[in-house]
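**Student:**
Protein chains in written order, with the numbering used here: chain A, 1 to 120; chain B, 121 to 345.
Given below as C-alpha cells:
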C-alpha cells in the first residue's frame, strides 16, 4: 500500500513537472516588460542580454531554444549593425524551426532592399 | 481500515466513470483545429478595449512566453510586430479579412492569433485594490478565415484582503510601491485562456489531447485567485 502511494506521488510530480517547463525563458517577460515601460539603451541591453542567456542556457541543458528566440537575437544584432552575425542567428532559427523559413526569407529580402536603397 | 480504502476507491471510480459518460472533448469543441492542424501562428498586436492605453504593449511582453507553452511554432513576436508596424499594420483592429492570405505568403503563418484586452484595471489606491485583467483570444485560419479556436479569461486579484497566497502578496507589494507589476497577472490570464487550446506539434502531448474533458479544462481556466 505504501509503495503504491509513493508511486502515485512520484507520478503526480512527474506529470506536473513535465507540463510547465517545456522551454527555458529566464526573465524574458520581465526584461521585455521593463523595456516597454521605459525604452532606453539600458533596458534594451538588459533584455538582449537575457535573450542571449536563454540561448546559452537552453543549449547547455540540451533543451530546445524557445520559438523565435534565435530570430529575435539576430534582429537585435542587425539593428546594432552586426549584419553578418545577425544573419547567422536567422539561419539558426530556420534550423531549429523549419516553419520559420518563409518569414526569415521575408526579413532577408527586406534587409536587401534597405541595403540597396542606402547604397544608391 | 480496509473498508475505508474500498469506499474511497469506489468513490473515485464513480467520479471517473461519471466523467466519461457525458464528457465533451476538445475535439468536439474545436474540430477544425484537428482537421486543419495549423503549425505556425502569427500573433497580431493585441486589440486594446480597456481604459489603459499602455496595456497593449505590457500585455504583449508576456505573450511570447505563455503562447509557446501550447506547442505551436509562434513567430518571433517582437520581430513580426516591428515588421507589421513598418507596414502600417500595428493597429490590428483595422486589419481586414482580405489581408489574411498575405500572412500565409509573407510570414508562413497557418493561423493568426487575435487577442483582445477587454479589461486592464489599474487601481493605485491600495485600499479597495482590485487588479483585474480580461482577455479574449481568437485563432483564425489564414487560408479559410474560419475561427479555429477561441477562448476568454478573467483574472482578478483582491489585494486588499489578507490573502495568504503568494501572488496576492506580490501584487500587494507592487501596488504599495506604486509600480503595479502586471507581468504575473497577464501571464496567468493568458495561461488560463490557453487551457482549452488543442496542443501543437512541439508539445509532448501533441495528438494525445483530443479526448481531454472540456468541462474540466474550462473549470481549470476559470480559477479565481
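From the three backbone atoms N, C-alpha and C, an ideal C-beta is built for every residue, glycine too.
#1: Would you say residue 199(B) reaches chain A, if we count a Cβ-Cβ gap shorter than 7 Å as a contact?
#2: Who are the near neighbours of residue 334(B) in its chain, counting only those whose CB is closer than 8 Å to its CB and skipping five residues on each side?
#3: At the 7 Å Cβ level, is residue 113(A) part of the contact set with chain B, yes or no?
#4: Counting only the same chain and skipping the five closest in sequence on each side, list residues whose C-beta sits under 8 Å from that of residue 74(A).
#5: Contact between the stretch 260-270 of chain B and the stretch 183-195 of chain B: three or more CB pairs below 8 Å?
#6: For the alpha helix (DSSP H) containing residue 327(B), name the first residue and the last one.
#7: Identify the continuous alpha helix (DSSP H) that holds residue 172(B) and give its terminal residues.
#8: For the stretch 52-83 of chain A, enumerate the residues whose C-beta is nearer than 8 Å to any C-beta of chain B, in chain order.
#9: Is the distance from the Cβ of residue 47(A) to the Cβ of residue 35(A) below 7 Å?
#10: Please list, in chain order, all residues of the same chain as residue 337(B) whose beta carbon is under 8 Å from its beta carbon, the five residues on each side excluded.
#11: Can you give, in chain order, each stretch of the alpha helix (DSSP H) that sits fully within the stretch 143-231 of chain B and has at least 4 residues?
#12: Going by beta-carbon coordinates alone, are residue 268(B) and residue 255(B) separated by less than 7 Å?
#13: Which residues mark the beginning and the end of the alpha helix (DSSP H) in which residue 88(A) is found?
#14: Does residue 33(A) come within less than 7 Å of chain B when only Cβ atoms are used?
#15: Do we get a CB-CB distance below 7 Å when we pair residue 257(B) with the residues of chain A?
#16: Kindly indicate if chain D contains any beta-carbon less than 7 Å away from that of residue 22(A).
#17: If you draw a straight line from the C-alpha of residue 71(A) to the C-alpha of residue 122(B), how long is it?
#18: Between which two residues does the beta strand (DSSP E) holding residue 259(B) run?
#19: Using a threshold of 7 Å, state whether the C-beta atoms of residue 212(B) and residue 164(B) are closer than that.
#20: Quick one: using the 10 Å Cβ neighbour count with 16 as the cut-off for buried, is residue 23(A) buried or exposed?
#21: Below 8 Å on the Cβ atoms is my guess for residue 67(A) versus residue 188(B); work out the distance and round it to an integer in Å.
#22: Using only the alpha-carbon positions, how far apart do residue 183(B) and residue 111(A) sit?
#23: Closest Cβ-Cβ distance between residue 228(B) and chain A: below 7 Å?
#24: Reducing DSSP to helix, strand and coil, say where residue 267(B) ends up.
#25: What span of residues does the alpha helix (DSSP H) with residue 117(A) cover, start to end?
#26: Kindly give me the distance between the Cβ atoms of residue 227(B) and residue 103(A), rounded to whole angstroms, as I take these residues to be in contact under 8 Å.
#27: Which same chain residues, not among the five before or five after residue 30(A), have their C-beta less than 6 Å away from its C-beta?
#28: Excluding sequence positions up to five away, which residues of its chain have a Cβ less than 7 Å from the Cβ of residue 209(B)?
#29: Can you grab the Cα-Cα spacing for the pair residue 250(B) / residue 242(B), in whole Å?
#30: Hey, would you say residue 158(B) sits closer than 7 Å to residue 231(B), going by beta carbons?
**Tutor:** Per the coordinate set shown:
#1: At least one beta carbon of chain A lies nearer than 7 Å to the beta carbon of residue 199(B).
#2: Excluding residues up to 5 positions away in sequence, 143, 144, 145, 146, 148, 149, 316 lie with their Cβ nearer than 8 Å to the Cβ of residue 334(B) in the same chain.
#3: So no, residue 113(A) is outside the interface.
#4: Result list for residue 74(A): 85, 86, 87, 88, 89, 90, 92, 93, in chain order.
#5: No contact exists between the stretch 260-270 of chain B and the stretch 183-195 of chain B.
#6: Here residue 327(B) belongs to no alpha helix (DSSP H), and DSSP marks it neither H nor E.
#7: Segment: none, residue 172(B) is in no alpha helix (DSSP H) and carries neither H nor E.
#8: Answer in chain order: 64, 66, 67, 68, 69, 71, 72, 75.
#9: Yes, these two residues count as a Cβ contact at 7 Å.
#10: Exclusion of the five residues before and after residue 337(B) leaves 146, 315, 316 as the residues of its chain whose Cβ lies within less than 8 Å of its Cβ.
#11: Runs of alpha helix (DSSP H) with 4 or more residues, each lying fully within the stretch 143-231 of chain B, are found at 146-149, 151-156, 175-188, 197-206, 220-227, listed in chain order.
#12: Result no, Cβ atoms of residue 268(B) and residue 255(B) do not sit closer than 7 Å.
#13: If you look at residue 88(A), you'll find it in the alpha helix (DSSP H) that goes 83-96.
#14: By this cut-off, residue 33(A) is an interface position.
#15: Taking a beta-carbon distance threshold of 7 Å, residue 257(B) does not count as an interface residue toward chain A.
#16: Here chain D cannot be found, since the structure's protein chains are A and B.
#17: Whole-angstrom Cα-Cα distance: 59 Å.
#18: Looking at the DSSP string, the run of the beta strand (DSSP E) that includes residue 259(B) is 250-261.
#19: Yes, the Cβ-Cβ distance between residue 212(B) and residue 164(B) is below 7 Å.
#20: So residue 23(A) ends up on the buried side.
#21: About 6 Å separates the two Cβ atoms, so the contact holds.
#22: Distance from the CA of residue 183(B) to the CA of residue 111(A), rounded to the nearest whole angstrom, comes to 26 Å.
#23: Chain A has a Cβ within less than 7 Å of the Cβ of residue 228(B).
#24: If DSSP states are grouped into helix, strand and coil, residue 267(B) belongs with the strands.
#25: In the DSSP annotation of this structure, the continuous segment of the alpha helix (DSSP H) that includes residue 117(A) starts and ends at 101-119.
#26: The beta-carbon separation of residue 227(B) and residue 103(A), rounded to 5 Å, stays under the 8 Å limit for a contact.
#27: Residues of the same chain with their beta carbon placed closer than 6 Å to that of residue 30(A) are lacking, with the five preceding and five following residues left out of the count.
#28: Cβ neighbours of residue 209(B) within its own chain (closer than 7 Å, five residues either side excluded): 215.
#29: Those two C-alpha atoms are separated by around 8 Å.
#30: Yes, these two residues count as a Cβ contact at 7 Å.
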